[in-house]
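> The sequence shown: position 156 = 145 (the working numbering), numbered continuously.
Ideal Cβ placement from N, Cα and C applies to all residues, glycine included.
First, the structure itself, so that you have it in front of you.
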Amino acid sequence: MAESKGNAKKMVKLKSNDDKEFEVEEAAVIQSEMIKNMIEDGCATSVIPLPNIDSKTLIKVIEYLNKHISNEEDEEEEEDEKKDMGKAAETGEEDDLKEFDEQFVNMGWEELFDVIMAANYLNIHELMELCCQSAADRLKNKSVRAVREMLKITNDLTEEEEQEIINDAPWAFEGPEIDDTVN
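Structural data, given as structure tokens:
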């Protein structure tokens, strides 16, 4: 861990699988259960290698963590402000986070799945839920063919087998084909 000069915030260095290093506030990265455990166990003395995450994906994850940072001192100050300002402060911050989350998941399939894999590896529950919900929303009500294409699943059924399934469960093959939600 590194501590920045002139600022009491503890910093942690993360290293992506393409050897790029990122210095991030400890308060942000402890949202990752994996990194939090490493820090608590004293295993994060210098740079934390992340062999399963490339720099492009790590940048997205850090962006999410920084926006969702939780700091006890800030929470105490916010509680005092909320008492003074009422519910308006709480609602505004929640709306900002909700808007950020909506914009955050507005990415292509490949990038979304990379972020899902990174969130799973780092054990970041909220990020995992957000990205998986976005993927589920994009797949919702799509036809079997569309889902196969979106998830790059090869059809290993013969035409006869597929036709038999279509006859048995025609509802499974209904629904829109690929649309702009794939991007």
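#1: Using the DSSP secondary-structure output, state which residues sit across from F102 in a beta bridge.
#2: Determine the direct distance from the alpha carbon of L101 to that of W160, and round the result to whole angstroms.
#3: Work out the CA separation of K129 and E151 for me, nearest whole Å.
#4: Just verifying my parser: in three-state terms, what is the DSSP assignment at L3?
#5: Does S35 pass the burial test, meaning 16 or more other C-beta atoms within 10 Å, or should it be called exposed?
#6: Which residues bound the beta strand (DSSP E) around I37?
#7: Measure from the alpha carbon of A174 to the alpha carbon of each residue in I28, K4 and L140, then state which is nearest.
#8: Does the Cβ of D181 have 16 or more other Cβ atoms within 10 Å, making it buried, or fewer, making it exposed?
#9: What does DSSP give as the partner residue(s) for F89 in the beta ladder?
#10: Please classify C120 as buried or exposed, where buried requires at least 16 other C-beta atoms within 10 Å of its C-beta.
#11: What residue range is occupied by the uninterrupted alpha helix (DSSP H) comprising V133?
#12: Do Y53 and F93 have their CB atoms nearer than 8 Å?
#13: Quick check on V94: does DSSP put it in helix, strand or coil?
#14: So which of T147, L47, R137 and E91 has the shortest CA-CA distance to N109?
#15: So E150 is in the alpha helix (DSSP H); what residue range does that whole segment cover?
#16: Do you know offhand how far S44's Cα is from S5's?
Per the coordinate set shown:
#1: By one-based count along the sequence shown, residue 102 stands at place 113. The bridge partners DSSP lists for F102 come to none.
#2: Your numbering for residue 160 matches position 171 in the sequence shown. Your numbering for residue 101 matches position 112 in the sequence shown. Approximately 28 Å, taken between the alpha carbons.
#3: Within the sequence shown, numbered from 1, the residue matching residue 151 stands at position 162. Within the sequence shown, numbered from 1, the residue matching residue 129 stands at position 140. A straight line joining the alpha-carbon of E151 with that of K129 spans about 21 Å.
#4: As a first step, residue 3 is located in the sequence shown; it is residue number 14 there, counting from the start. In the structure shown, L3 sits in a strand (DSSP, three-state: E or B).
#5: To locate residue 35, count along the sequence shown from 1; it is residue 46. So S35 ends up on the exposed side.
#6: Against the sequence shown, residue 37 aligns to sequence position 48. Looking at the DSSP string, the run of the beta strand (DSSP E) that includes I37 is V36 to P38.
#7: The first residue shown for the chain is -10 and the last is 172, placing residue 174 beyond what the model contains.
#8: Past the edges of the chain, shown from -10 to 172, lies residue 181, and the structure says nothing about it.
#9: Counting from one through the sequence shown, the residue named residue 89 turns up at place 100. As computed with DSSP, F89 is found in no beta bridge at all.
#10: Taking the sequence shown and counting its residues from 1, the one referred to as residue 120 is at position 131. It counts as buried.
#11: Reading the sequence shown from its first residue, position 144 is the one you call residue 133. First-last of the alpha helix (DSSP H) with V133: V133 to M139.
#12: For the purposes of this step, residue 53 is taken as the residue at position 64 of the sequence shown. For the purposes of this step, residue 93 is taken as the residue at position 104 of the sequence shown. A contact, by the Cβ cut-off of 8 Å.
#13: Here residue 94 refers to the residue found at position 105 when the sequence shown is read from its first residue. Note: V94 maps to coil in three-state DSSP.
#14: Translated into the one-based positions of the sequence shown, residue 109 becomes position 120. The option with the nearest alpha carbon to N109 is L47.
#15: Sequence index remark: in the sequence shown, residue 150 carries index 161 (1-based). Per DSSP, E150 belongs to the alpha helix (DSSP H) from E148 to D157.
#16: Stepping through the sequence shown from its first residue, residue 44 is reached at position 55. Stepping through the sequence shown from its first residue, residue 5 is reached at position 16. Using only the alpha carbons, I get a separation of about 5 Å.
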